[in-house]
Amino acid sequence: MFAVVLTITVSLSIWSVYANLLRECENKGRAIAQGISRTSDELLVNRDLATVQATLDESLTLEGVAYLFLNNGQGETVCHTFVPQVPGQVLDLPVSPTSITATRVDLGPEQRRLDISAPIMAGVGGYIHVGMDLEKVYAAALREAALQGGAIVLIFVLSLGLVSLAVRRITGPITVLTDCARALSQHDFATDFPKRGELARLVPRSAGEIGTLAESFLHMEGTIQQSVLHLRQTTAAKERIEGELQVARHIQMSIVPKKFPAFLQLPQMDIYATLEPSREVGGDLYDFFQLDDERIFAVVGDVSGKGVPAALFMAVTQTLIKATARQGLGLAELMSRLNDELCENNEASMFVTLFVVILNVNTGQVEFSNGGHNLPFLLSPNKGPEQLPHTRGMGLGVAEGVPFQTSSFTMQPGQALVLYTDGISEAHNPASELYTESRMRKFFAGQSDLRPRPLVESLLAEVRAFEAGGPQADDITALVLTYLGAGGPVVREVTNSMEELDKLAAAVEGFAASFHLSPSVANALQLAIEELFTNAVSYGYAEGQTGKLCLSMDLKDGWIEVELVDDARPFNPLEEGPPVNAEASLEERGIGGLGIHLTRKLFDELAYQRRDHENVIRLRKKTG
3 MFAVVLTITV
13 SLSIWSVYAN
23 LLRECENKGR
33 AIAQGISRTS
43 DELLVNRDLA
53 TVQATLDESL
63 TLEGVAYLFL
73 NNGQGETVCH
83 TFVPQVPGQV
93 LDLPVSPTSI
103 TATRVDLGPE
113 QRRLDISAPI
123 MAGVGGYIHV
133 GMDLEKVYAA
143 ALREAALQGG
153 AIVLIFVLSL
163 GLVSLAVRRI
173 TGPITVLTDC
183 ARALSQHDFA
193 TDFPKRGELA
203 RLVPRSAGEI
213 GTLAESFLHM
223 EGTIQQSVLH
233 LRQTTAAKER
243 IEGELQVARH
253 IQMSIVPKKF
263 PAFLQLPQMD
273 IYATLEPSRE
283 VGGDLYDFFQ
293 LDDERIFAVV
303 GDVSGKGVPA
313 ALFMAVTQTL
323 IKATARQGLG
333 LAELMSRLND
343 ELCENNEASM
353 FVTLFVVILN
363 VNTGQVEFSN
373 GGHNLPFLLS
383 PNKGPEQLPH
393 TRGMGLGVAE
403 GVPFQTSSFT
413 MQPGQALVLY
423 TDGISEAHNP
433 ASELYTESRM
443 RKFFAGQSDL
453 RPRPLVESLL
463 AEVRAFEAGG
473 PQADDITALV
483 LTYLGAGGPV
493 VREVTNSMEE
503 LDKLAAAVEG
513 FAASFHLSPS
523 VANALQLAIE
533 ELFTNAVSYG
543 YAEGQTGKLC
553 LSMDLKDGWI
563 EVELVDDARP
573 FNPLEEGPPV
583 NAEASLEERG
593 IGGLGIHLTR
603 KLFDELAYQR
613 RDHENVIRLR
623 KKTG
């Protein structure tokens, strides 16, 4: 009878100890998994995998933890503690985006594990897996069962009445550990753990595995608490740095010109440029400005390195360029002075490559000098792309006293000059292939539209397609200067805002100057375009409606030809205005109609057409 009772008692005791230890092991794994999942969402968003890996490595030292690994939202393992790699048995374990799951897995002889998976950001950020060592649970259960079995035998010998007391004494610490584990799994680690005192009291009172588990719990709670504090401090510091970098990016981008069209008063040419840093700030630069009534200065450069140091060196370089270029120096001397200035106090040994050009808008002559930069492409309407020849010169800021060379050529009307940085030619695709200047040449050979803005936008779209979604490896800068020729046609696109009238006035002024029109003809042209534009904006569009208008002007065979196109409702200002009695007084004549009346008097031919949902007005006037 005693043997039967002993067997049943020992069996129940083994089961009770095993069940409690297993629950304890699972709750501990849940606490670790939940603690890491709650602190990894910000790190995953910021792609700070190094900090996540450090947290996993630190958690591996906790008692009972056999492995940890992290899958991202696409099911890829991004961090783990296995050597050398994650076993296939754990890659497809079941997970849940709404709850923590526990799954037993056998990795081999004496490698029975309990896998605890916790979702990160409801599974969007992936899942953290914590593998708990079941072998230690089994061993602990057997040891505790042996101790309990001996205690039970002794208790049976001494007094059956002491059995109940002994069981309570044994299971009490486990109950405390279970409660602490449950509380730890729900703790946010923003405050002190409320049951730390209970665990601390349990350590000296309990021997063997229970005391060890209690001590491990205390160590684990303190480690996780410190990790959470460190992660929060790191996140706050990164957010502060990112905010400062955004301000720096805004300041840097404000240095380069972004107003296009840039020179409304110069119909002989057009220009467009763009700069896309690979990071928040970069080292590329471009600039253009008018030296005098007939010369345009343009430059593209690339500073060595990346990030904040390159951005600061870029700002210094661009400031020096603008200040030195206005001194009336030749390009070779200008480059030499820039080089010597950049070499001075250059303890960081940074340098910049530059390509500078000066275009005479009346003659088409281009002077250029190269400081170790990529050779620009010259594009022609009916000819393949060409690269400009090499000129002597190295990167600026490397060594003082370096000589530079200047060369020149004459652009023909319709030609475009493309300046760029190696962020374009050295862009790479997922297969690590470079875009190369050879691909640029093929791209330019297939372009018929040599207007600056469409050409730049098409080139960048081509590079993005080549990268196929991969990261931008370097800063990208492109500048296109198209020469239209002295006395060439003028085309301007504006919105239906009266504030755009100044742009049209400048375009008319430049057109008149280009063709040397008389003041009376220029004034007539200005009055007519102002009147037609005002009528279209005032009467052709509904209130709040956004539209666009396009003005084109040309001189052919002694005739000034003007075309104004808008996308307003069908509206003919040549017919819909009030009749005008030019001989009447202002009081008798009333408001409106005079501008159109004068336009009819000043121009030889006026015509209106509704074409493709647009209003088209054409004016013609002899210059003689």
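In terms of the numbering used here, the sequence shown opens at residue 3 and continues consecutively. Idealized CB from N, CA, C, for every residue including glycine.
Pro-454 has its alpha-carbon roughly 59 angstroms from the corresponding atom of Ile-118. Asn-362 is bridged by DSSP to Arg-297. Per the DSSP secondary-structure output, Arg-49 pairs with nothing in a beta bridge.
Residues Val-496 of the same chain have their beta carbon placed closer than 7 angstroms to that of Glu-502, with the five preceding and five following residues left out of the count. Contact between the stretch 313 to 330 and the stretch 384 to 396 is absent, with fewer than three C-beta pairs closer than 8 angstroms. The criterion of a C-beta distance shorter than 8 angstroms is not satisfied by Asp-477 and Ser-351. By the criterion of at least three beta-carbon pairs nearer than 8 angstroms, the stretch 290 to 301 is in contact with the stretch 355 to 362.
Taking Gly-152 as reference, the option from Asp-614, Ser-61, Ser-13 and Leu-529 with the minimal CA-CA separation is Ser-13.
Beta-bridge pairing by DSSP links Val-19 to no other residue. Where Phe-445 is concerned, the enclosing alpha helix (DSSP H) starts and stops at 438 to 447. Between Tyr-437 and Ala-480, the gap from beta carbon to beta carbon reaches 8 angstroms or more. Unbroken beta strand (DSSP E) stretches of 3 residues or longer found wholly inside the stretch 24 to 94: 67 to 73 and 79 to 82, given in chain order.
Following the DSSP letters along the chain, one finds Met-500 in no alpha helix (DSSP H), marked with neither H nor E.
Note: Cys-552 is bridge-paired with Glu-495 and Val-567 in the DSSP secondary-structure output. At a Cβ-Cβ threshold of 8 angstroms, Glu-439 and Ser-450 do not count as neighbours.
If you look at Arg-115, you'll find it in the beta strand (DSSP E) that goes 114 to 122. The beta carbon of Leu-46 lies closer than 6 angstroms to those of Gly-127 in the same chain, with the five residues before and after it left out. The Cβ neighbour count for His-518, taken over all protein chains shown within 10 Å, is under 16; the residue is labelled exposed. Beta-bridge pairing by DSSP links His-131 to Phe-71 and Ser-119.
Pairing Arg-115 with Gly-90 gives a Cβ-Cβ distance that is not under 8 angstroms. Judged by beta-carbon spacing, Thr-105 lies within the 8 angstroms limit of Leu-95, meaning their Cβ atoms are closer than that value. When DSSP reads this structure, Ala-104 sits in a beta bridge with Ile-118. Ranked by Cα distance from Gly-37, the options Glu-60, Ile-16, Met-555 and Pro-575 are led by Glu-60.
Arg-571 counts as exposed, since fewer than 16 other C-beta atoms from the protein chains shown sit within 10 angstroms of its C-beta.
Leaving aside the five residues that flank Asp-135 on each side, the residues in its chain whose CB is nearer than 6 angstroms to its CB run, in chain order, Gly-66 and Ala-68.
Cβ-Cβ separation between His-430 and Ala-475: approximately 6 angstroms, consistent with a contact (criterion under 8 angstroms). Just so you know, the alpha carbons of Glu-349 and Asp-342 end up roughly 14 angstroms apart.
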